[in-house]
Each structure stands twice: as structure tokens, then as C-alpha cells.
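Participant:
Numbering (this note's numbering), first residue to last: 8 to 303.
Structure follows, in C-alpha cells:
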């Protein structure tokens, strides 16, 4: 592994030379020398410096992006070699879209830690678009996303589960007591939806198109939990996954509205980089995901 790249990436992520030196168990002058040597090698200044912090310039952003990829490939190579003779171990970087990441993934990670304590998971939660891009850019080993991925030439997608999505209202909303809800009523409601790029937002837009209406009032929130709290408070109605609403249905704070054309069914997929090599850590994680999806 190129020590210059490791020192550079650590310095950027720690924010200054002194914290990087502490993290790397080096002296501060040694860190500075490594950075200067790397700048001479690439022929450009990479960091804007002052006494308190360092900041990437344009050249630094390019080098940082590729350095992260190179270091990730080195770690992956080492893990693959270790896998030839050892049990599943090492770091596993996992990404998941919000619905799966917040409501299903924690249970899988608990199983993973119990069964394979030598695996060190590192979790990133984001919307579907962001997770797919991080996997495609080799910043994540594996991702779990909803909706359609846009990087098929760079990643492999494997559908593993279907998710049912329903229209949810507060427990005291009139829709909770109706045997059916017509389109005119739906159109006049305030709909609370996720941000663009979210698989949940994509499903809501698909439902609006299928039922041929657009909400008169639309609120966009960046958190499923915030949406649930807002619906409970009577601010509006929403389309959400059954995975995200089990607790609220049990407590009786949310109700499912009987809307023709629902539930909306969407797929969840495991996405990995487009190559045939997988560490044992990735293999056991994939198997745990499949097992969990069989009874979710």
C-alpha cells in the first residue's frame, strides 16, 4: 500500500496535520513530509493549509477521490487473500437506502455480529441514488437499494425481496374509517413525500401516475421518521413501506387507507461492484439478508 496516499487521505479526513499524526502514530513533521512528497509526485499543490485546518483544492479533490479507491482496492485484495485460509473477517462497508437501512438492516447487523464477530461492518445510510453511486465508485462493498439503479454497467444488481407500500393516515383521519377512498378525495389531501432520488419518492410518483392524479398539496421531507410523526399529527397522508410502519400500526397511531391500486409493490436489490470476487464477509452478509427477507 502506498503510505503517501494513506497519509494524505487520513490528513483530509482528520482535518489537520496534528490529528492525522495522532491517528497514524507519526510525528507531525513526518505527516507534512509525506504530503509534500505526494504533491511533488503529482506536480500540484493538493491542500490549502493554515494553522488550524487543511482543505482540499480542486487538484486535491481529484487525488482524494482516486486515493480512496486505490486504498479500497488494496484492502479488498488483502481481504480476498486472507479469505483463502481464514474465516470470514475484516471490514465490510455496507450501504442501504433509508427504509431498509433504518428498519431492517439493524437486525441483520445484530445477527452478523453474533455469528461472525471478526467482521467489522461500517454502515452508510442514504437515498437509493447515493448508495448506488457509492457502490459504483468503489466506496462501498455492497448496497441495498430500492427502485431502479442507474449504474448497470458498473454494478451488479440482484433482486432479493419485495416490499408492500400502503397509504397511511393518522388514526383519527376520516380515511381510517372509510371502506374505500376515491381519487377525488386523495387528490385534495396534503401528501407528505420523500425527496427526489429516494426510492420511496419514486414509488409515490409511480402511484400518482398509475391512479392518474396529482396531489393539490405536496410537502417534501427528507426523513421517513419525520413523515410518520407528521402524519400522526394530522399534517397530511403518505405512502410508506410496511417495514417502516409496523410499530405505529401495533400502537394504533397510524392506519392504512383502503385505496384502489394499493399496495404498491417494489423490489429491493443487493448491489455490488461488477466483478466476480467476493470476500467471505460479503458472502455471509448476503446470506443473512436473504434469510431475513424470507420472513420479513
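We put the beta carbon where it would ideally sit given N, CA and C, even for glycine.
For clarity, every value in this text was computed on a predicted model and none was experimentally measured.
(1) If you drop the 5 nearest sequence neighbours on each side, which residues of the same chain put their C-beta closer than 6 Å to that of residue 27?
(2) Residue 49 to residue 146, Cα distance in whole Å?
(3) Could you work out which residue in 184, 195, 295 is closest to residue 262 when comparing CA atoms only?
(4) Assuming residue 44 contacts residue 11 (C-beta within less than 8 Å), just tell me the rounded distance between them.
(5) Give the list of continuous beta strand (DSSP E) stretches no shorter than 3 residues that lie fully inside the stretch 202-275.
(6) Is residue 300 helix, strand or coil when you go by DSSP?
(7) Quick test of your reading: residue 106 and residue 153, contact by CB under 8 Å. State the CB separation rounded to the nearest angstrom.
(8) Among 238, 192, 248, whose alpha-carbon lies nearest the alpha-carbon of residue 209?
(9) Between residue 69 and residue 61, is the Cβ-Cβ spacing less than 8 Å?
(10) To the nearest angstrom, how far is it from the Cα of residue 136 to the Cα of residue 162?
(11) Which word fits residue 47, buried or exposed, when buried means at least 16 other C-beta atoms lie within 10 angstroms of its C-beta?
(12) Which whole-angstrom value describes the C-beta separation of residue 114 and residue 299, a residue pair presumed to lie in contact below a C-beta threshold of 8 Å?
(13) For the candidate residues 233, 40, 42, 250, whose alpha-carbon lies nearest to that of residue 244?
(14) Rounded to whole angstroms, how far is the Cβ of residue 132 from the Cβ of residue 103, which I believe are closer than 8 Å?
(15) According to DSSP, is residue 124 helix, strand or coil?
(16) In three-state DSSP terms, what is residue 197?
(17) Skipping 5 residues on each side, what residues in its chain have a beta carbon closer than 8 Å to that of residue 221?
(18) Please classify residue 196: is it buried, with 16 or more other beta-carbons within 10 angstroms of its beta-carbon, or exposed?
(19) Output the distance between the C-alpha atoms of residue 169 and residue 65, rounded to the nearest integer angstrom.
(20) Assuming contact is defined by CB atoms lying nearer than 8 Å, are residue 201 and residue 241 in contact in what I supplied?
(21) Let me check understanding here. Comparing Cα to Cα, which of 286, 250, 59, 239 lies closest to residue 362?
Facilitator: The relevant details are as follows:
(1) 17, 18, 21, 38
(2) 22 Å
(3) 184
(4) 6 Å
(5) 224-227, 245-248, 261-263
(6) helix
(7) 7 Å
(8) 248
(9) no
(10) 13 Å
(11) exposed
(12) 7 Å
(13) 233
(14) 6 Å
(15) coil
(16) strand
(17) 194, 215
(18) buried
(19) 42 Å
(20) no
(21) This structure cannot settle anything about residue 362, because the visible part of the chain is limited to 8 through 303.
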